[in-house]
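Here's the structure, in structure tokens; my notes come after.
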Amino acid sequence: QQQVKQSPQSLIVQKGGISIINCAYENTAFDYFPWYQQFPGKGPALLIAIRPDVSEKKEGRFTISFNKSAKQFSLHIMDSQPGDSATYFCAAWISGTASKLTFGTGTRLQVTL
Amino acid sequence: SAVISQKPSRDICQRGTSLTIQCQVDSQVTMMFWYRQQPGQSLTLIATANQGSEATYESGFVIDKFPISRPNLTFSTLTVSNMSPEDSSIYLCSVLPSGSGQYEQYFGPGTRLTVT
Numbered sequence: 018q019q020q021v022k023q024s025p026q027s028l029i030v031q032k033g034g035i036s037i038i039n040c041a042y043e044n045t046a047f048d049y050f051p052w053y054q055q056f057p058g059k060g061p062a063l064l065i066a067i068r069p070d071v072s073e074k075k076e077g078r079f080t081i082s083f084n085k086s087a088k089q090f091s092l093h094i095m096d097s098q099p100g101d102s103a104t105y106f107c108a109a110w111i112s113g114t115a116s117k118l119t120f121g122t123g124t125r126l127q128v129t130l
Numbered sequence: 640s641a642v643i644s645q646k647p648s649r650d651i652c653q654r655g656t657s658l659t660i661q662c663q664v665d666s667q668v669t670m671m672f673w674y675r676q677q678p679g680q681s682l683t684l685i686a687t688a689n690q691g692s693e694a695t696y697e698s699g700f701v702i703d704k705f706p707i708s709r710p711n712l713t714f715s716t717l718t719v720s721n722m723s724p725e726d727s728s729i730y731l732c733s734v735l736p737s738g739s740g741q742y743e744q745y746f747g748p749g750t751r752l753t754v755t
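Chain order of the listed sequences is A and B. Residue numbers 18 to 130, in our numbering, belong to the letters of the first sequence in order. Residue numbers 640 to 755, in our numbering, belong to the letters of the second sequence in order.
And the structure:
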């Protein structure tokens, strides 16, 4: 069962444009929502994260928008650069006796010149 | 944050053999996790390794196939036993630093395993 659905699977954006990646979750027990960036041959790197009691979080060119009622959250990359070309994973953390992170399926972003 | 190293970075193994992957963290951490990532795919949690207790395995993963050790708060190993070509994958160690509060989980660089 895919508890975190991510779209699109791939995305091509021109340099300077806005990249938008969407995720939806089902389990309302999730209490922390990070985004990871992964370059080929590297481990995922934590990019930005948000708690469900916050509707938006911005760090530099990266913004998370969170809609608790719709159980959706998205990553916006402003002024996209070729160096942003990577695979992005949304994830959801559930705390408690079986704490763990559940990942989305990933979005391969390509930023063209 | 935490700095995580894994050994080996990659290996090519014959079917039927076993490989032990090491994960070393530069600080004490409460929770350590082992993931598998097929090329071009998402990450799948194999097990959670807590110091002083047995690892907790996810559905589809068993201790006989993926035994895990967690001797202290900075080190863990994952063994891939009796390997088959289907075990070819990237294996990633991940940690949740103690007292992080924000559930910020960090990943190692991964071990790329090819089974022939």
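Beta carbons: idealized from backbone N, C-alpha and C, even for Gly.
**Q.** CA nearest to the CA of residue 742 of chain B, picked from B/669, B/730, B/749, B/661
**A.** Here residue 742 of chain B refers to the residue found at position 103 of the second sequence. Residue 742 of chain B has its Cα closest to that of B/669, out of B/669, B/730, B/749, B/661.
Q.
Does the contact criterion of 3 or more C-beta pairs under 8 Å hold for the region 93-107 of chain A versus the region 67-84 of chain A?
A. yes
Q) Can you list, in chain order, the residues of its chain whose CB lies under 6 Å from that of residue 697 of chain B, leaving out five sequence neighbours each side? A) Along the second sequence, read from residue 1 onward, the residue named residue 697 of chain B stands at position 58. 684.
Q: Give the secondary structure of residue 70 of chain A by DSSP, where H, G and I count as helix, E and B as strand, and everything else as coil.
A: The residue labelled residue 70 of chain A in the question sits at position 53 within the first sequence. Three-state result, residue 70 of chain A: coil.
(Q) With a threshold of 6 Å on Cβ separation, who are the neighbours of residue 47 of chain A within its own chain once the five nearest residues in sequence on each side are excluded? (A) Sequence index remark: in the first sequence, residue 47 of chain A carries index 30 (1-based). Counting only Cβ-Cβ distances below 6 Å, and skipping sequence neighbours, we find 109, 111.
Q: Could you tell me how far apart the beta carbons of residue 733 of chain B and residue 672 of chain B are, in whole angstroms, since I believe they sit closer than 8 Å?
A: Here residue 733 of chain B refers to the residue found at position 94 when the second sequence is read from its first residue. Here residue 672 of chain B refers to the residue found at position 33 when the second sequence is read from its first residue. With 8 Å as the limit, residue 733 of chain B and residue 672 of chain B qualify as a contact, their Cβ atoms being about 4 Å apart.
Q) Contact check, residue 67 of chain A vs residue 50 of chain A under 8 Å by CB: the rounded distance? A) Reading the first sequence from its first residue, position 50 is the one you call residue 67 of chain A. Reading the first sequence from its first residue, position 33 is the one you call residue 50 of chain A. Confirmed, Cβ separation roughly 5 Å.
Q) Relative to chain A, which residues along the region 676-695 of chain B have a C-beta separation below 9 Å, given in chain order? A) 676, 679, 680, 681, 682, 683, 684, 687, 695
Q) Cβ atoms of residue 62 of chain A and residue 54 of chain A: under 7 Å apart, would you say? A) Position 37 of the first sequence, counted from the first residue, corresponds to residue 54 of chain A. Position 45 of the first sequence, counted from the first residue, corresponds to residue 62 of chain A. Cβ distance < 7 Å, so residue 54 of chain A and residue 62 of chain A count as in contact.
Q. Which residues, taken in chain order from the region 59-76 of chain A, show a beta carbon closer than 9 Å to some beta carbon of chain B?
A. 59, 60, 61, 62, 63, 66, 68
**Q.** Proximal chain B residues relative to residue 112 of chain A, where beta-carbon distance stays under 8 Å
**A.** Residue 112 of chain A sits at position 95 when you count from the first residue of the first sequence. By Cβ distance, chain B contributes 742.
Q: Check whether the Cβ atoms of residue 640 of chain B and residue 663 of chain B sit closer than 7 Å, and answer yes or no.
A: For the purposes of this step, residue 640 of chain B is identified with residue 1 of the second sequence, where counting begins at 1. For the purposes of this step, residue 663 of chain B is identified with residue 24 of the second sequence, where counting begins at 1. For residue 640 of chain B and residue 663 of chain B, no; Cβs fall outside 7 Å.
Q: Can you tell me which of the three DSSP states residue 76 of chain A falls into?
A: Start at 1 with the first residue of the first sequence, and residue 76 of chain A comes out as number 59. In this structure, residue 76 of chain A counts as strand in the three-state DSSP scheme.
Q) When the cut-off is 7 Å and only beta carbons count, does residue 749 of chain B lie next to chain A? A) In the second sequence, residue 749 of chain B corresponds to position 110, counting from 1. Answer yes: the Cβ-Cβ gap between residue 749 of chain B and chain A drops below 7 Å somewhere.
Q: Just confirm the distance between the C-beta atoms of residue 124 of chain A and residue 31 of chain A, as a whole number of angstroms; I'd bet it's less than 8 Å.
A: As a working mapping, residue 124 of chain A is identified with position 107 in the first sequence. As a working mapping, residue 31 of chain A is identified with position 14 in the first sequence. Not confirmed; about 17 Å, so no contact.
Q) If you run the structure through DSSP and keep just helix, strand and coil, what is residue 650 of chain B? A) Position 11 of the second sequence, counted from the first residue, corresponds to residue 650 of chain B. Reduced to three states, the DSSP call for residue 650 of chain B is strand.
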